[in-house]
Amino acid sequence: MSPSTPAPLRVALVQEPAGLDPEAGRARLRELTPEGADLVVFPEAFARDFGPAGSDVSAFAEPVDGPFGTTLAEVAAQRRTTVMAGMFETGPDPARPYNTLLVRGAASAAYRKVHLYDSFGYRESDRLTAGEPGATVVDVGGHAVGLMTCYDLRFPELARALVDAGAEILVVPAAWVAGPRKVDHWRTLLRARAIENTVHVVAAAQPAPRYSGHSMVVDPLGDVLAEAGPDAQVLTAEIDHAVLVEARRTNPSLANRRL
């Protein structure tokens with residue numbers, strides 16, 4: 001391994017349901033963060049679930065350095081890892097917080113979900129504020145990690161913007177609502193984002209019955225390295241940078257682009 005090649009990244013995806021009690025959620029964050037991973041990814045809205053469709057979640061919004069963010073940082077330090085988890089963040093409109101992916105540990109960031117879930121009969125924008133478009137990329141163990149959340153997956157231009165900003169791994173925490181075709185869409189889109197961008201994709205979802213589960217790790221040629229079923233579990237995988245290098249040698253589609 002050359003000095004410029006990062007060591008393989010050990011990832012853990014915690015496919016667990018979010019609850020409605022934020023204090024209990026912080027306790028579960030401590031309990032569920034495993035030892036021995038370089039990156040631990042919890043699902044979207046893990047700090048507190050959305051509740052019934054259309055619920056007002058503004059009472060559960062916090063600043064990024066509030067109780068949930070503080071617990072996340074403490075857990076990351078105790079486990080010597082980087083932890084990512086979804087929360088509702090206070091913003092300029094008190095009635096409509098941000099849907100934020102918070103990162104603490106070796107890297108620190110707060111990504112505000114850009115594409116709100118106004119689809120399949122839902123209206124996330126009635127209750128939440130969208131983040132400004134942009135590419136949020138963090139360094140985890142020498143790996144450039146781009147951040148997305150759930151419905152963002154359906155917008156290939158965001159994934160490409162992250163890759164253009166240097167991302168070689170895309171992380172997608174989600175609360176992917178269950179329903180007809182939804183698991184098929186999830187699996188297809190995760191593999192598509194990996195293949196078209198020649199990147200690893202790491203996707204942590206909330207489980208059934210309300211959500212779809214099937215957390216996944218996909219390599220840059222679209223091979224599924226690990227996949228959960230519908231129910232709660234912790235999924236682990238190892239991401240090797242050499243696989244990305246070889247994939248881009250085999251399939252140099254990024255280099256072949258004509259804009």
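Quick note on the numbering used here: the sequence shown kicks off at 1 and runs consecutively. Using N, Cα and C, we set each Cβ at its ideal position, and we do this for glycine too.
Length of the line joining the Cα atoms of residue i and residue j
i    : j    : result
I169 : H143 : 7 Å
A205 : P252 : 30 Å
A95  : L128 : 8 Å
M1   : I239 : The pLDDT assigned to M1 is 45, lower than 50, so where the model puts this residue is not dependable; a value taken from the coordinates is nonetheless given after this. Answer to the nearest angstrom: the Cα atoms are 15 Å apart.
A107 : V138 : 6 Å
A110 : N256 : 33 Å
L32  : G141 : 22 Å
A167 : H241 : 12 Å
E89  : D184 : 31 Å
L29  : T82  : 13 Å
S58  : V218 : 34 Å
G179 : V199 : 28 Å
V114 : G134 : 8 Å
E44  : L9   : 22 Å
V234 : F42  : 10 Å
E16  : A174 : 11 Å
D126 : G54  : 8 Å
G222 : I195 : 5 Å
L20  : A159 : 31 Å
L259 : R248 : 19 Å
E74  : L162 : 28 Å
V177 : G25  : 20 Å
A77  : A12  : 16 Å
A208 : L244 : 32 Å
G69  : G91  : 15 Å
L254 : E132 : 25 Å
Residue interval of the beta strand (DSSP E) (run including residue i)
i    : result
V199 : Neither: V199 is in no beta strand (DSSP E) and is coded neither H nor E.
L147 : H143 to L147
D38  : Per DSSP, D38 belongs to no beta strand (DSSP E) and is neither H nor E.
R223 : Reading off the sequence, residue 223 comes out as Asp, not Arg. Segment: none, D223 is in no beta strand (DSSP E) and carries neither H nor E.
D139 : V137 to V140
Residues sharing a beta bridge with residue i, DSSP
i    : result
F260 : Because the chain here runs from 1 to 259, residue 260 falls outside it and cannot be looked at.
R10  : E238
Y211 : V177
R249 : Bridge partners of R249: none, in fact.
A263 : Coverage of the chain is limited to positions 1 through 259, which leaves residue 263 absent and any answer about it impossible.
A194 : BP columns for A194 are empty, so no partner.
L170 : G146 and V201
E62  : E89
Residue from the options with nearest C-alpha to residue i
i    : options                   : result
G66  : V145, R80, P22 and A12    : P22
V172 : L153, V243 and L244       : L153
W186 : L20, V202 and L162        : V202
R193 : R181, M216, P209 and P156 : P156
A130 : V145, L101 and S215       : L101
V64  : T236, M84 and G19         : M84
R80  : L259, A24, V40 and A18    : V40
T236 : H214, P92, E62 and V177   : H214
G146 : Q78, R112, P92 and E124   : R112
D164 : A61, R123 and T136        : T136
V224 : L189, V245, F60 and P209  : L189
N197 : V14, A208 and T250        : T250
E124 : E62, D93, D56 and V103    : D56
F46  : G86, F60 and Y98          : G86
Endpoints, alpha helix (DSSP H) assigned at residue i
i    : result
V177 : Careful: V177 lies outside any alpha helix (DSSP H) and carries neither H nor E.
G69  : P67 to R79
E157 : P156 to D164
A24  : P22 to L32
Residue-level contact to chain B via CB, residue i, 9 Å cutoff
i    : result
R112 : This model lacks chain B altogether; it includes just one protein chain.
beta-carbon residue i near the ligand ATP non-hydrogen atom, thresh 8 Å
i    : result
A232 : Judged by which ligands are present, the structure shown has none, so any question about the ligand ATP falls away.
query: Using 8 Å as the Cβ pair cut-off and three pairs as the minimum, do the segment 26-44 and the segment 221-233 touch?
result: no
message: For the segment 47-62 against the segment 2-13, do three or more pairs of beta-carbon atoms, one drawn from each stretch, fall closer than 8 Å, so that the two count as touching?
response: no
- prompt: So, do the segment 148-163 and the segment 111-121 have three or more beta carbon pairs nearer to each other than 8 Å?
  reply: yes
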